[in-house]
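Just below is one structure, and these are the notes that go with it.
Here it is in structure tokens:
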């Protein structure tokens, strides 16, 4: 261990009106600014406040901290599950609700300057009466112009469109500039079939891929998302998808409850292959293989990126929900419950 930074006391799950994480400390993946040698993380700390921390990447010393709760929102019913994003000198923090959907929560994105604890916060609130969570673990996708693409979960309306189950494009200052939603967005809300169970993936050629709990994959136009029903193409892919998808070499890899699915994205969405039928965690592509965790069986798999053939597998223990591997310097790292496991020669 090189360093350890204690940031505060996490909020007890028993003090919240619903939820399935106890205690709730850091629940969204931090983001690193290599230029500033700083890692940014959000902690949910007692009594009930979300706090953004800037930590020295080399030493673990806390450089600064600031409150980062959405303006006017009740922190006790908002959860910071999505990965943080960093772009053009600002840190972006997304919010949804707790497991059980209790309280008056909304989907939010809040941004703060990466340079220090001063400077105005900026915020976007999903314009639902309630809900519309931004909770996909991958966090916002950011394009070369600094635009953010986020996906939302169920809205409170089951009869009309309210920006639940949408892909929304935001400017770097968090102004909504475009959106897309499937024609059945309202009925998805009625069945708890979040589109926003994964985050949007930006593809070459100005395209966007999204898939949710319904298991239908969509290709969108990034520059003109298309409003309601304005997708370029769609197809049924699998039973349901959660966490994050990955892209490499013309293929999108969707993390489905019934196996990892590879889709060709040339002229549309054509299935290239489907992997073994386990509940697949968010994948990464490294060393010519797609790496994913069997979240039910506690096994790390490497599948051939072109064929889906199993090239390697090993037990890792009891992974947390949405566990994803990481790759660096020829090794694969993955969380297996209370430990991190490394595999070399990858």
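Numbering (the numbering used here), first residue to last: -10 to 335. For glycine and all other residues, C-beta sits at the position ideal for the given N, C-alpha and C.
query = What does a CB cutoff of less than 6 Å around residue 97 pick up in its chain, not counting 5 residues either side in sequence?
reply = Here residue 97 refers to the residue found at position 108 when the chain shown is read from its first residue. The residues are 59, 84 and 114.
ask   = Should residue 159 and residue 191 be called a contact, given that it needs their Cβ atoms to be closer than 9 Å?
value = Residue 159 sits at position 170 when you count from the first residue of the chain shown. Residue 191 sits at position 202 when you count from the first residue of the chain shown. Cβ distance not < 9 Å, so residue 159 and residue 191 don't count as in contact.
inquiry  = According to DSSP, simplified to helix, strand and coil, what is residue 102?
reply    = Locating residue 102 in the chain shown gives position 113, counting from the first residue. Correct three-state label for residue 102: strand.
ask   = From what residue to what residue does the alpha helix (DSSP H) around residue 175 run?
value = Here residue 175 corresponds to residue number 186 of the chain shown, with the count starting at 1. Residue 175 -> alpha helix (DSSP H) spans 174 to 179.
query = Between residue 221 and residue 210, which are expected to be in contact by the criterion C-beta below 8 Å, what is the C-beta distance as a whole number of angstroms?
reply = For the purposes of this step, residue 221 is taken as the residue at position 232 of the chain shown. For the purposes of this step, residue 210 is taken as the residue at position 221 of the chain shown. About 6 Å; that satisfies the 8 Å criterion.
message = Does the structure place the stretch 45 to 65 close enough to the stretch 146 to 155 that three or more beta carbon pairs sit under 8 Å?
response = no
query = Is the beta carbon of residue 384 sitting closer than 9 Å to the one on residue 109?
reply = The chain is shown only over -10 to 335; residue 384 falls outside these bounds and no answer can be derived.
inquiry  = Helix, strand or coil, according to DSSP, for residue 300 in the structure here?
reply    = For the purposes of this step, residue 300 is taken as residue 311 along the chain shown, with counting starting at 1. Here residue 300 sits in strand by DSSP.
inquiry  = Could you tell me the alpha carbon to alpha carbon distance between residue 326 and residue 309, rounded to whole angstroms?
reply    = The residue labelled residue 326 in the question sits at position 337 within the chain shown. The residue labelled residue 309 in the question sits at position 320 within the chain shown. Going by the C-alpha atoms only, they are around 6 Å apart.
task = Please determine if the stretch 115 to 135 and the stretch 40 to 50 are in contact, where contact requires at least 3 C-beta pairs separated by less than 8 Å.
result = no
query = If you run the structure through DSSP and keep just helix, strand and coil, what is residue 65?
reply = Here residue 65 refers to the residue found at position 76 when the chain shown is read from its first residue. Note: residue 65 maps to helix in three-state DSSP.
key: 3-residue-minimum beta strand (DSSP E) runs that sit fully inside the stretch 235 to 315, ordered along the chain   = 235 to 237, 240 to 245, 248 to 253, 259 to 263, 273 to 275, 278 to 283, 288 to 293 and 299 to 304
ask   = How big is the Cα-Cα spacing for residue 241 and residue 267?
value = Numbered from 1 along the chain shown, position 252 holds the residue referred to as residue 241. Numbered from 1 along the chain shown, position 278 holds the residue referred to as residue 267. Their Cα atoms are separated by approximately 18 Å.
key: Contact under 9 Å by Cβ, residue 280 with residue 323   = Sequence index remark: in the chain shown, residue 280 carries index 291 (1-based). Sequence index remark: in the chain shown, residue 323 carries index 334 (1-based). Yes, these two residues count as a Cβ contact at 9 Å.
query = Straight-line CA distance for residue 20 to residue 250?
reply = Against the chain shown, residue 20 aligns to sequence position 31. Against the chain shown, residue 250 aligns to sequence position 261. The straight-line gap from Cα to Cα measures roughly 27 Å.
message = Please list the terminal residues of the continuous beta strand (DSSP E) segment that includes residue 213.
response = Position 224 of the chain shown, counted from the first residue, corresponds to residue 213. Where residue 213 is concerned, there is no enclosing beta strand (DSSP E), given that its DSSP letter is neither H nor E.
ask   = With 16 as the cutoff for other CB atoms within 10 Å, does residue 88 come out buried or exposed?
value = In the chain shown, counting from the first residue as 1, residue 88 sits at position 99. By the 10 Å Cβ count, residue 88 comes out exposed.
query = If residue 155 sits next to residue 166, beta carbons under 8 Å apart, how far is it from one beta carbon to the other, in whole angstroms?
reply = Along the chain shown, read from residue 1 onward, the residue named residue 155 stands at position 166. Along the chain shown, read from residue 1 onward, the residue named residue 166 stands at position 177. At roughly 13 Å, the Cβ-Cβ gap does not stay under 8 Å, so residue 155 and residue 166 are not in contact.
DSSP state of residue 5 mapped onto helix, strand, coil = Locating residue 5 in the chain shown gives position 16, counting from the first residue. Here residue 5 sits in coil by DSSP.
ask   = What do you get for residue 134, buried or exposed, if any count of 16 or more other CB atoms within 10 angstroms of its CB means buried?
value = Numbered from its first residue, the chain shown carries residue 134 at position 145. Label assigned to residue 134: exposed.
key: For residue 69 and residue 81, the rounded distance between their alpha carbons   = The sequence position of residue 81 within the chain shown is 92, counting from 1. The sequence position of residue 69 within the chain shown is 80, counting from 1. When rounded, the distance between both Cα atoms is 11 Å.
ask   = Which residues mark the beginning and the end of the beta strand (DSSP E) in which residue 322 is found?
value = Taking the chain shown and counting its residues from 1, the one referred to as residue 322 is at position 333. Looking at the DSSP string, the run of the beta strand (DSSP E) that includes residue 322 is 320 to 324.
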